[in-house]
Amino acid sequence: MTTPEHAELRDLARGCLTRHHAHHYLGFSENQWRLFDKDRPRRIKPLLYVFRVLLTGIHLMRSSEIEANLGNLNADARLSFLDELMHRKITGHEQQTIDDTDVDLFHGEYVRLRELLTLEAERTSLPEAPTTRRELHEFLLRVRGV
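According to numbering that gives the first Met the number 0, the sequence shown is numbered sequentially starting from 0.
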């Protein structure tokens, strides 16, 4: 269910996206990695969060659009191990675990993707600051009836 106001807000929200959103995704990925790495045994679900966060940030910096579906993101990233991990999570139970022998591979990809996100933030076409601040303020006043 949606409203015309929702559609208008979605359009205005695009003007709130900036290159600085990369900092959010970098910090979030660091927290997610820590959560994944402290578990014993390590679980697939938190690891998938790590990669979803990083690939979402990279996609945002490249396209100026937010995409959080890991399957869609991996169609571009082509990380073969992600397809296997997603399959294991979907077909297994919620607490699927991984072998410690694979952690070095995952950590290497985590580091590489963080570096890629930083690089993409430097060359993105996203602006330094939001461009729809005034319009958003006016929208909020209007829908609140102020």
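No residue lacks a Cβ here, since even glycine has one placed at the ideal position from N, Cα and C. Every value quoted in this text rests on a predicted model; they were computed, and no experiment measured them.
On the DSSP letters alone, give me the boundaries of the alpha helix (DSSP H) that residue i sits inside.
{"i": "E64", "result": "E64 -> no alpha helix (DSSP H), and no H or E assigned at all."}
{"i": "H5", "result": "P3 to R13"}
{"i": "G26", "result": "H20 to K37"}
Tell me, which residues are paired with residue i by DSSP?
{"i": "R42", "result": "T96"}
Do the CB positions of residue i and residue j come within less than 8 Å of each other?
{"i": "L53", "j": "L16", "result": "no"}
{"i": "E119", "j": "R61", "result": "yes"}
{"i": "T131", "j": "G56", "result": "no"}
{"i": "L69", "j": "R42", "result": "no"}
{"i": "L84", "j": "L46", "result": "yes"}
{"i": "K88", "j": "K37", "result": "no"}
{"i": "L139", "j": "E108", "result": "no"}
In chain order, what residues of the same chain lie with their CB nearer than 8 Å to the CB of residue i, ignoring the 5 residues before and after it?
{"i": "H58", "result": "E64, I65, E66, L72 and D75"}
Ignoring anything shorter than 4 residues, give me the alpha helix (DSSP H) runs that lie fully in the segment 47-133, in order along the chain. 69-76, 79-90 and 102-122
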